[in-house]
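Protein chains in written order, with our numbering: chain A, 330 to 793; chain B, 330 to 793; chain C, 10 to 520; chain D, 10 to 520. Ideal placement from N, C-alpha and C gives every residue a C-beta, glycine not left out. Source: prediction; values computed, not measured. What follows is one structure encoded as structure tokens, with my remarks underneath.
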Amino acid sequence: MPFTYNTPEDEQEMLAAIGVSSIDELFEMVPESLRLGRPLDLPPAMGEMELDQHLNKLAEQNLNAATAVCFLGGGSYDHFVPAVVDVVASRSEFYTSYTPYQAEVAQGNLQAMFEYQSMIVRLTGLDVSNSSLYDGASAAAEGVLMSLAAGGQRKRVVLSAGLHPEYRETIATYVANLGVELVTVPTPNGVTEAADLIEALDDNTACVVVQQPNFFGCVEDAETLAQAAHDAGALVVAAFDPISLGLLKRPGDWGADIAVCEGQSLGTAMQYGGPYLGVIACSEKLVRRMPGRIVGKTTDRRGKPCYVLTLQTREQHIRRDKATSNVCTNQALFALRATVYLALLGPEGLKETANLCLQKSRYLAERLCESGRFERAFDAPTFKEFVIRDCENDTEGLVQDGLDAGYLTGVPLGRWYPELADCLLIAVTEKRTKAEIDRLVEVLVGNPDGTTSTTEQEVAVGIG
Amino acid sequence: MPFTYNTPEDEQEMLAAIGVSSIDELFEMVPESLRLGRPLDLPPAMGEMELDQHLNKLAEQNLNAATAVCFLGGGSYDHFVPAVVDVVASRSEFYTSYTPYQAEVAQGNLQAMFEYQSMIVRLTGLDVSNSSLYDGASAAAEGVLMSLAAGGQRKRVVLSAGLHPEYRETIATYVANLGVELVTVPTPNGVTEAADLIEALDDNTACVVVQQPNFFGCVEDAETLAQAAHDAGALVVAAFDPISLGLLKRPGDWGADIAVCEGQSLGTAMQYGGPYLGVIACSEKLVRRMPGRIVGKTTDRRGKPCYVLTLQTREQHIRRDKATSNVCTNQALFALRATVYLALLGPEGLKETANLCLQKSRYLAERLCESGRFERAFDAPTFKEFVIRDCENDTEGLVQDGLDAGYLTGVPLGRWYPELADCLLIAVTEKRTKAEIDRLVEVLVGNPDGTTSTTEQEVAVGIG
Amino acid sequence: RDTQLLFDLSKPGRRATRLPECDVPARDAAELLPAAALADAPPALPELSEPQVVRHFVNLSKENMSVDTHFYPLGSCTMKHNPKRNERAAALPGMAHVHPYQPEESIQGMLRLLYEVQEYLSEISGLPCCSLQAAAGAQGELAALLVAASYFRDIDEKRTKVLVPDNAHGTNPASAAMAGFDSVTVKTLQSGAVDLDDFHAKLDDEIAVLMITNPNTVGVFEPAMRELADAVHERGGLVYLDGANMNAILGVSRPGDFGADMQHFNPHKTFSGPHGGGGPGAGPICVTEKLGPYLPAPVVGKRPEAGDERSDQTSPSPAGGGGRTLVPGAPPLGEGNYYYLDFDRPKSIGRVRSFFASTGVLVRAYCYMRTHGPDGLKRVSEQAVLNANYLLSRVKHFLPVPQGDRCMHEFVATAAKLKSERGVSAMDLAKRLLDHGFHAPTVYFPLSVKESIMVEPTESESKETLDAFAEALFRVTEEDPELLHDAPHTTPISRPDEVAAARKTVLCYCG
Amino acid sequence: RDTQLLFDLSKPGRRATRLPECDVPARDAAELLPAAALADAPPALPELSEPQVVRHFVNLSKENMSVDTHFYPLGSCTMKHNPKRNERAAALPGMAHVHPYQPEESIQGMLRLLYEVQEYLSEISGLPCCSLQAAAGAQGELAALLVAASYFRDIDEKRTKVLVPDNAHGTNPASAAMAGFDSVTVKTLQSGAVDLDDFHAKLDDEIAVLMITNPNTVGVFEPAMRELADAVHERGGLVYLDGANMNAILGVSRPGDFGADMQHFNPHKTFSGPHGGGGPGAGPICVTEKLGPYLPAPVVGKRPEAGDERSDQTSPSPAGGGGRTLVPGAPPLGEGNYYYLDFDRPKSIGRVRSFFASTGVLVRAYCYMRTHGPDGLKRVSEQAVLNANYLLSRVKHFLPVPQGDRCMHEFVATAAKLKSERGVSAMDLAKRLLDHGFHAPTVYFPLSVKESIMVEPTESESKETLDAFAEALFRVTEEDPELLHDAPHTTPISRPDEVAAARKTVLCYCG
């Protein structure tokens with residue numbers, strides 16, 4: 330037991346004040362027959378020092394992106410996180426507080442959330458943001474639920490196959506018992522063809538969900554797709570990459586009614602997939618169907634401007650089974666991180682970051698294709714990640730070669746797309762240097778003439 | 330240039346308000362002939378991301394005690410630092426503030442320093458602590474200067490050879506131009522013999538400086554030595570190991586007039602030797618000769634209790650060349666760390682820590698001696714470190730073997746004590762596990778039958 | 010209070026970050042991307058310097074109360090101390106900077122940790138099958154109800170309703186609705202216990218699940234727990250345990266042993282994950298053997314190292330004797346097991362989120378469980394219950410506690426008399442406590458108690474703090490009602506106009 | 010304000026840490042250590058829980074103003090923004106958890122960094138030899154004066170005096186005294202410049218060193234710098250530059266070029282190391298070629314890898330082609346150099362502290378220099394000077410600035426007229442500024458200006474902040490003197506009784 334709070338003397342005084350003779354007596358309302366009656370079968374307690382040593386040893390078993398070189402993407406990215414983000418998020422007052430029920434002693438959180446909402450509105454080009462959801466996938470599912478609620482009797486939901494497969498799975502799970510028809514439009518050329526989409530649409534369609542850039546990194550003709558959806562009276566739910574908005578049009582600008590994304594790229598560590606940040610924004614007309622917390626500006630009794638949780642009649646603690654969602658918190662700490670991140674980058678920083686992703690991923694794709702062993706799976710233009718086909722059909726071997734060299738090479742796509750079993754999804758963030766990229770090419774293309782050490786040396790010289 | 334604070338427009342407005350046309354004009358008071366007239370010859374600027382990558386690469390070249398196993402000591406120790414210490418010390422309000430000149434907006438620092446002083450007083454058994462000095466060595470030198478000032482015409486300073494050699498060098502440097510006679514009492518058996526000390530004393534002796542436990546880890550007969558010094562009218566300056574006070578008598582209890590130590594063990598990282606924490610405490614009668622900042626309790630104009638810098642007439646900003654010292658700051662951040670550390674450990678935690686050091690170091694010493702290759706250099710009892718003699722006289726080889734196995738083995742003593750060139754000083758803190766110690770024995774004793782992997786496995790199993 | 014927003018601080022041309030020059034051959038973005046997709050300009054984010062950003066947020070933080078600064082007895086939220094050791098562990102690069110799609114062999118330390126968390130939660134709940142995936146307690150509820158729905162579909166039973174006591178968290182009925190069930194409310198008594206008559210009247214063969222919070226939201230262990238569970242089971246239904254209040258019964262009583270078929274955990278409550286101003290949390294769920302196949306996938310599996318077929322194929326040298334080094338430079342695993350993600354679960358409901366789980370929260374929960382051990386966890390509950398009862402024993406003398414003299418981890422007092430006699434509401438008391446340096450308890454929940462004040466001190470507070478809080482609360486009840494209506498008086502703002510906020514919404518900066 | 014001390018929170022039996030069981034055979038301490046050395050009981054430290062300790066210190070911190078929360082124009086202290094990237098770098102295990110006696114080959118990254126810092130400081134100062142050892146600016150002064158003393162002893166000259174202008178920091182004469190010199194004060198003019206008549210009158214062959222701060226403490230670049238240096242050199246003396254104000258002249262003018270033979274740096278000022286509430290700092294010094302041999306040892310040396318004799322003897326396989334891997338698992342160094350500690354300096358003054366240096370501070374300084382580069386460092390000085398002059402241009406209209414209309418990085422205004430006419434002192438203004446949310450400037454230093462107010466904005470503040478400060482300062486000068494005498498009014502305490510503190514000293518808790 331690492332902590333002692335009440336001392337034995339305290340305990341005695343407290344028991345006396347309560348009027349019982351032992352702590353056991355306090356548990357009398359738990360029927361004897363429902364008691365465990367034995368110690369839990371868990372490992373014995375460690376002190377902090379042992380914990381530290383133990384966790385250090387576990388952590389050593391995990392190849393990490395601080396020492397390894399990470400080309401993995403697919404919705405979680407090794408983007409750079411400025412130190413200020415950690416400093417702010419590790420303020421006790423932020424990370425050990427809770428949902429701002431008492432606005433008077435939570436203006437810090439409330440104002441930060443209002444700033445987050447403002448950032449997201451500017452980022453997406455839509456009218457309203459909530460103060461965040463769990464992650465990109467559940468935000469997409471909530472976007473679909475909003476569309477269904479707004480769509481009245483419309484019960485069909487159309488997904489692009491270019492939408493992250495785990496987002497599609499999540500949506501499927503969420504609507505499994507709601508009598509919804511899910512249709513997936515295939516993307517044989519790496520993008521959603523307008524004709525295919527139009528074919529999938531009918532007047533029972535509540536929404537279309539497309540991703541820009543899509544899961545393969547390809548840039549969709551989003552405007553045309555949105556137009557097709559709107560023509561059919563369906564709403565457009567857009568999944569987007571927030572970093573891409575340094576260069577690409579905002580979802581609100583190409584016709585999205587609801588925009589969702591995984592906000593991990595905005596200052597949150599990859600931490601093996603979570604917790605992350607679900608971003609969701611929508612047009613004004615959908616605001617009362619928005620799930621989750623929303624912060625609004627108001628004045629206090631003395632007329633001072635201030636911030637509060639608002640539109641709470643949407644929420645489950647008031648509306649119970651009639652609520653817009655069961656979500657009863659937000660990802661405040663990561664919304665805060667995203668706010669700090671975006672504040673540090675500013676418009677130019679975001680643009681430069683996006684451009685580095687674009688240029689470097691393009692460079693890697695070209696270098697790989699030059700080798701002859703690889704070819705791009707799709708012709709469509711890509712932003713920061715791309716699908717490469719291994720003509721020797723050995724993605725597993727490539728991944729292993731990468732590991733041996735300390736590289737996290739790419740995500741094999743066979744798990745989700747059997748037809749792409751010979752393909753890797755490779756992401757290149759602004760953090761990757763030319764030396765690292767060149768070395769990856771060497772590792773993947775193979776290095777029969779043993780010049781590895783030269784390149785390794787070159788990488789090392791790069792530290793000067 | 331990573332930061333832009335004033336925008337170009339700001340600059341123009343500001344220059345106009347000043348009444349100049351360019352920033353260059355502001356530098357007109359620097360004579361043209363004294364200008365550099367060329368860019369500094371420094372590497373070009375990196376952004377934060379590049380800095381991170383660069384520093385990570387430099388850091389990888391340093392074997393560190395988080396992954397390697399550290400048995401080094403000699404005044405800097407791999408003691409455990411609870412996470413709370415880092416949390417407190419990384420509060421912006423502590424680490425980005427400065428000396429508390431404005432007490433009204435610095436009660437946080439002032440109270441923390443008052444608590445530090447109170448901790449040190451209880452730790453040392455002396456009457457007064459200042460709010461810290463640079464490090465153990467300079468604290469020792471300041472203790473000698475205090476003794477000289479208190480000693481009137483006494484100009485002789487007697488040091489035990491068991492005092493850390495770098496403390497002795499520092500003292501020598503500090504008094505080099507002050508007409509002081511420095512005498513060192515040898516420690517052929519690892520401890521200071523009372524008879525040798527008495528021989529070195531005369532009525533010109535201002536002070537005796539002894540270390541408990543001494544540099545070799547040996548426990549001195551401190552009370553007898555102090556008595557001898559006092560009999561000669563000299564003051565006793567004691568260097569001590571703060572962790573040892575979980576078990577050993579406090580300097581104030583065995584006769585020290587001034588106690589100094591390196592406070593790094595109390596919650597500060599080893600960081601290649603600095604910055605560290607110089608602890609100094611003294612008896613009531615010496616308080617006005619104390620160097621450095623001192624915080625005192627008082628009341629404010631409304632009668633509220635509060636804390637201020639006090640006894641400032643000792644200091645250089647008022648007394649200039651008549652000050653007790655030129656020290657004009659303290660190591661506030663590390664004094665804060667020490668305070669938090671001691672608050673977390675409490676009396677029992679300190680005692681348990683000390684006992685673990687004692688038991689584990691004793692166990693290692695015995696295991697090494699069993700092997701036949703090693704013998705203890707001295708018979709005297711030791712606390713957490715000890716000197717071991719390599720009968721094969723290959724300390725360099727031992728250190729190299731250790732490095733190869735990821736162990737920082739021990740400090741070779743030949744640099745300071747030529748007669749101990751075949752010896753290593755080995756420290757064992759509470760962090761070292763039996764598995765690590767056993768493995769070190771294996772590495773040092775040699776492992777002809779190739780059972781290393783078994784032990785390595787055993788170490789790893791220890792992570793469960 | 011400086012009310013400037015980041016946007017107010019912005020000036021064109023300011024920068025806080027500097028990105029490196031592009032070190033590969035670069036082309037114009039317009040050459041690489043279709044014109045139709047390109048924006049004319051990047052989004053109009055504020056332009057700031059690093060010192061501005063730092064100072065803005067550090068000062069903003071100071072306007073929050075938090076566990077690290079104040080007693081925070083927010084009932085039902087378990088605002089316990091967040092041990093700093095856990096934060097340090099979760100920040101290790103090998104825990105924080107790892108990608109969800111890393112090959113299994115490069116992430117064995119994490120997988121092992123997650124496997125252990127599954128095991129520990131199963132042991133604590135008494136429910137043998139565990140999925141860590143859900144991102145929060147509410148999502149755990151949803152996932153579990155979807156598990157139930159799949160189960161009933163699988164056994165070909167059509168059940169459309171979920172029973173929920175009226176003092177349950179609002180998430181319960183909301184989750185039921187999201188899972189496609191109709192929510193049926195069951196009354197509770199003044200004591201907080203389920204009204205058995207109403208329960209039996211509403212229990213029928215259409216009931217899929219009884220959702221029950223035990224200990225319930227007034228801090229009472231449901232006296233008829235066994236009877237309720239048996240009755241539901243007899244009618245072929247399932248029992249879901251809202252695990253929000255597990256802090257009261259760790260090592261004392263296990264939901265699986267008192268009749269639950271499913272439960273979620275709130276690791277951010279029970280296992281000390283920081284609440285982060287509203288999140289993140291996690292919502293792992295545990296279920297019985299028969300419901301296990303329906304859990305969200307993947308879960309973490311374990312097999313002996315030798316059985317690692319993949320590595321047999323591709324790895325050049327699987328080491329003998331247990332303990333292959335998978336990560337260059339790292340010591341061997343040493344225990345001869347290989348951990349993997351088990352996707353092969355054909356009956357699974359599927360995913361409720363992307364990637365594995367709220368891993369970062371689970372790392373902290375793991376640390377908490379490891380540093381407490383079986384005795385420590387039980388002691389956590391004992392001390393939580395001791396603290397709550399002690400506070401109850403002090404408060405009941407000036408604010409009635411309808412449930413009686415005993416509670417588990419929290420209790421609900423009522424200001425109904427104060428309200429009717431002196432016009433002082435629960436809200437007034439809550440607001441005034443802020444002036445006294447305490448975060449307010451939860452008020453107006455559960456609705457089953459009028460002018461309710463729900464106090465959960467947790468185990469991590471000292472008797473001195475509880476005494477100080479009781480005294481402050483007492484003093485507040487004696488103060489001038491006028492003073493209380495206008496409270497708080499010492500905070501940066503006081504009583505924001507919530508009606509105006511909702512009527513004339515301003516939800517973002519429009520500068 | 011809660012004035013409880015840690016000791017007040019203590020209760021017997023409370024614990025915040027739990028140490029592991031001893032895993033080696035243990036004996037009673039009394040068996041292992043002599044009875045005479047053993048204490049009866051451990052020191053009476055307070056007994057606390059972790060939540061108590063955390064809450065105590067987090068709340069305590071909030072009573073401080075700091076750079077991260079407030080504008081902190083404390084003259085002469087260069088309270089600039091501390092970039093957070095530097096903190097992150099210094100916290101890397103490979104920077105933080107390394108032992109000062111590690112073998113050189115296991116610490117090449119750190120040694121290379123420190124070598125570079127030596128090189129950069131030499132380039133910035135124009136003084137080719139550098140020692141990083143001193144722990145603070147004041148210790149740097151002492152070390153440099155000891156260097157001078159050794160030099161004169163070595164060339165057999167007996168010089169006993171050090172010249173110090175009266176507006177110098179108090180550390181200058183104090184360091185001179187500690188180094189065994191007599192300190193001789195030189196007058197300065199209203200402009201802050203050295204009084205040349207007084208200087209020449211006092212300069213004689215006994216003068217070992219002129220200590221000069223340039224730019225000086227009123228923010229003026231010494232107009233006769235060259236004349237002063239030449240005169241000292243002509244008499245065989247040395248010139249020491251107090252580097253406290255280097256923030257004004259980075260890349261603009263180098264002390265070695267304007268006549269200094271020695272200088273210290275304050276990396277915690279100039280190169281943005283955080284001030285830590287009073288420390289730590291560092292005090293590296295640079296000197297001319299002829300003084301180099303006397304510097305404190307060790308310094309970091311560099312030699313080609315091939316010349317590493319030690320590794321030739323003991324290392325099994327020195328890799329060819331430059332770039333031996335010294336740390337297992339780490340990439341090779343790659344640049345073919347080996348860094349070492351150079352102890353072989355027979356003329357060295359010796360040590361002024363233990364171990365190498367305030368390495369942690371130097372790591373931050375290195376990061377600062379690397380992220381700024383030559384242009385960035387010059388821009389730092391330009392912006393620092395711009396900000397100071399802009400503020401001067403606003404302040405001079407309501408508070409006279411005796412030095413004139415121009416300054417370098419700081420300026421000194423005077424409240425002498427305000428004091429004589431309205432009884433408002435510099436201290437009153439300083440205290441009242443606290444109410445307005447600004448840290449006070451330095452007051453009553455230098456003594457050469459009456460009722461002095463020394464303002465150093467630094468480059469990391471925005472024009473908006475400077476404007477707000479100027480307006481607040483103006484408003485304060487117009488306020489009711491009575492209000493000012495009692496200021497501050499909004500802080501936790503106001504005007505502590507310093508006289509009582511010094512007369513009846515209470516220097517520790519006596520509970």
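- Query: Should R90 (chain C) and V67 (chain C) be called a contact, given that it needs their Cβ atoms to be closer than 9 angstroms?
  - Reply: Taking the first residue of the third sequence as 1, we reach residue 90 (chain C) at position 81. Taking the first residue of the third sequence as 1, we reach residue 67 (chain C) at position 58. Residue identity check: residue 90 (chain C) is His in the sequence provided, not Arg. No, these two residues do not count as a Cβ contact at 9 angstroms.
- Please state whether DSSP places D650 (chain B) in a helix, a strand or coil. Taking the second sequence and counting its residues from 1, the one referred to as residue 650 (chain B) is at position 321. Helix, per DSSP.
- Query: If you draw a straight line from the alpha carbon of T323 (chain C) to that of E470 (chain C), how long is it in whole angstroms?
  - Reply: Here the question's residue 323 (chain C) lines up with position 314 in the third sequence. Here the question's residue 470 (chain C) lines up with position 461 in the third sequence. Confidence in T323 (chain C) is poor, its pLDDT being 35 and thus under 50, which makes the residue's placement too unreliable to answer from.
- Query: If you drop the 5 nearest sequence neighbours on each side, which residues of the same chain put their C-beta closer than 8 angstroms to that of R431 (chain D)?
  - Reply: What you label residue 431 (chain D) is simply residue 422 of the fourth sequence in a count that begins at 1. Around R431 (chain D): P490.
- Query: Are A152 (chain D) and A366 (chain D) close, meaning C-beta to C-beta below 9 angstroms?
  - Reply: For the purposes of this step, residue 152 (chain D) is taken as the residue at position 143 of the fourth sequence. For the purposes of this step, residue 366 (chain D) is taken as the residue at position 357 of the fourth sequence. Against a cut-off of 9 angstroms, the Cβ pair of A366 (chain D) and A152 (chain D) comes out as no contact.
- Message: Using the three-state DSSP reduction, which class does S469 (chain C) fall into: helix, strand or coil?
- Response: Start at 1 with the first residue of the third sequence, and residue 469 (chain C) comes out as number 460. Coil.
- Under 7 angstroms Cβ-Cβ, which residues of chain C neighbour A412 (chain B)? One-based indexing of the second sequence puts residue 412 (chain B) at position 83. By Cβ distance, chain C contributes K93, R94, E96, R97.
- Query: In the DSSP assignment, what are the bridge partners of L753 (chain B)?
  - Reply: The residue you call residue 753 (chain B) lines up with position 424 of the second sequence. Answer by DSSP bridge pairing, in chain order: B:I717, B:P741.
- Nearest-angstrom Cβ-Cβ length linking Q660 (chain A) and S461 (chain A), presumed shorter than 8 angstroms: To locate residue 660 (chain A), count along the first sequence from 1; it is residue 331. To locate residue 461 (chain A), count along the first sequence from 1; it is residue 132. Right, their Cβ atoms sit about 5 angstroms apart.
- Of the residues D:M436, D:C295, D:D437, D:D414, the one placed nearest M358 (chain B), counting alpha carbons only: By one-based count along the second sequence, residue 358 (chain B) stands at place 29. Taking only the C-alpha atoms, the option nearest M358 (chain B) is D:D414.
- Task: Can you have a look at N543 (chain B) and say buried or exposed, based on whether 16 or more other CB atoms are within 10 angstroms of its CB?
- Result: In the second sequence, counting from the first residue as 1, residue 543 (chain B) sits at position 214. With 16 or more Cβ atoms within 10 Å of its Cβ, N543 (chain B) is classed as buried.
- Item | Beta-carbon neighbours of K760 (chain B), restricted to chain A and to distances below 8 angstroms | Locating residue 760 (chain B) in the second sequence gives position 431, where the first residue counts as 1. Residues of chain A whose Cβ lies closer than 8 angstroms to the Cβ of K760 (chain B) are, in chain order, M378, Q382.
- Within 10 angstroms of its Cβ, does P517 (chain A) collect 16 or more other Cβ (buried), or is it exposed? Translated into positions along the first sequence, residue 517 (chain A) becomes position 188. By the 10 Å Cβ count, P517 (chain A) comes out exposed.
- Buried versus exposed, by CB contacts within 10 Å (16 or more), L456 (chain D): Within the fourth sequence, numbered from 1, the residue matching residue 456 (chain D) stands at position 447. Classification for L456 (chain D): exposed.
- Query: Taking 9 angstroms as the CB-CB limit, is V372 (chain C) close to chain B?
  - Reply: By 1-based counting over the third sequence, the position of residue 372 (chain C) is 363. Not one chain B Cβ lies under 9 angstroms of V372 (chain C).
- Using a C-beta cutoff of 9 angstroms, does C138 (chain C) count as contacting chain A? Residue 138 (chain C) sits at position 129 when you count from the first residue of the third sequence. With a threshold of 9 angstroms between beta carbons, C138 (chain C) makes no contact with chain A.
- Query: If you draw a straight line from the C-alpha of Q412 (chain C) to the C-alpha of M255 (chain C), how long is it?
  - Reply: For the purposes of this step, residue 412 (chain C) is taken as residue 403 along the third sequence, with counting starting at 1. For the purposes of this step, residue 255 (chain C) is taken as residue 246 along the third sequence, with counting starting at 1. Approximately 19 angstroms between the Cα atoms of the pair.
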